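The sequence shown begins at 4 in our numbering and counts up by one. Glycine included, every Cβ here is placed at the ideal spot set by N, Cα and C. Remember, it's a predicted structure, so these values are computed and weren't measured experimentally. Written below as structure tokens is the structure these notes are about.
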Amino acid sequence: MSKLNLLFLFAFTLLTSYVFAVDLNVRIFSSSQLKVISITPLSGKYIIYNKTTKIVDLYKNNSVELSIKDGKISILKQNENLGSYDSLYFSADGFINTFTLKSIDPDIKERIYDDGIKLYVENNFFKVINKVEIEHYIAGVVESEGGIKKNLEFLKLQAIISRTYAICNIRKHLKEDEYNLCDNTHCQLYRGRSSKSMIMMATSQTAGDIIIDISNKPISAAFHSNCGGQTMNSEDIWAISTTYLKSVKDTFCLKQSQAKWVKKISKKEWLTYLLSKYNYNIEDSDTLKRVTNFTQNNREVYFDNNTKIPLKTIRQDWKFRSAFFSIENQGDTLLFKGRGYGHGVGLCQEGAMRMIDLGWTLKKIIKYYYKDVSIINIAELKPK
């Protein structure tokens, strides 16, 4: 860790410590099969526990190797066997506590995390949970979601949205798995602590800020890359109606990098798909014309209102960038001309970036994409 980043981390930790504190339990490496790992503190001090029993202190640059044997976690420190346990908790005991987790598998990239870590055995592999202060988590999410080259105002916007999503979905995994969130796109992408000073600054400057609806509840702050000129209602994609995820026109994203896409598909392949999956009567001339010449001037929900085929399903089946497309018949080939990238619900990232360039405030941008909402601090939320 460079001296400059350490300075920013110190300031970031100091600033966020004055905000209403929320710790999250986030499952990490949730898509990886870990069987032998090493954990090394990079700063601070850790105390390793099995439940309430202290096992050992762990200081900066002192590693432990963990492996699974007979359904238990075996600990090795400097060739000394410290025993086998059903679970372990690395409790952060310093002011700034960071650690690295490295797998013996060379295909699994080493990652750095803030705060504490819990380990269990599940199906003979490690189940790893990062017990992390929410602002550290948010900074990590913003960087993991691609917030490396964006400007400060956009990073602040992304931090507010990511924090809102985390609070809104804080119980997403609690019922079945006893942790709050996972580290994949099922929740939010989270690949460890942020190392970027601008992201730390954006997170600290918005620390605790979330978006609430007219019922004073945190919103499900959906976002996507580019809406292609129009966002979608939440009920049109997820069958869940909200007061705030409503379709809006968006001209700000139309000239951005993800605004358009094209894909060519053979007519035979397309008609075979419609016949086999939806039993289309492709021998009928009217039907044939309808399914090979299709236009969306405004976003539609269904490809064919007669058969009610969801456009989102076609997008998933063909791995299109969006469901906002038209079809142009070019003989034996069909040209799919698409607009936007992503599901199209909520905030359009490229539209928001253009708004920032034009001088829009974060509050104005948020209220443009999310209807009838307010921005408050987590500390202002009334407990249920």
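- Under the three-state reduction of DSSP output, leucine 350 falls in the strand class.
- Between arginine 174 and isoleucine 213, the gap from beta carbon to beta carbon reaches 8 Å or more.
- The count of Cβ pairs closer than 8 Å, one atom from the stretch 219–226 and one from the stretch 194–201, stays below three, leaving the stretches out of contact.
- Arginine 342 places its beta carbon 8 Å or farther from that of glycine 195.
- Burial is judged here by how many other beta carbons sit within 10 angstroms of a residue's own beta carbon; isoleucine 107 has fewer than 16 and is exposed.
- One thing to note: asparagine 183 has its Cβ no nearer than 8 Å to the Cβ of asparagine 380.
- Distance from the CA of lysine 134 to the CA of serine 90, rounded to the nearest whole angstrom, comes to 14 Å.
- Inter-segment contact for the stretch 354–370 and the stretch 325–342 is absent: fewer than three beta-carbon pairs are separated by less than 8 Å.
- If you check the CB distance, tyrosine 92 and tyrosine 52 come in under 8 Å.
- Considering only Ser70, Glu83, Thr254, Lys263, the residue with the shortest C-alpha distance to phenylalanine 323 is Lys263.
- Inclusion of isoleucine 164 and leucine 37 in the CB contact set at 8 Å is not warranted, their separation being larger than that value.
- In this structure, serine 46 lies near asparagine 100, with their beta-carbon atoms less than 8 Å apart.
- In the DSSP assignment, arginine 196 falls outside any beta strand (DSSP E), carrying neither H nor E.
- By alpha-carbon distance to isoleucine 378, the top candidate from Gly347, Thr316, Lys220, Asp253 is Lys220.
- Within the same chain, Cβ atoms closer than 6 Å to the Cβ of valine 39 are found at Ser70, Ile107, the five residues on either side in sequence being excluded.
- Residue pairing for cysteine 185: DSSP places it in a beta bridge opposite Arg30.
- DSSP places histidine 139 in the helix class (H, G or I) of the three-state scheme.
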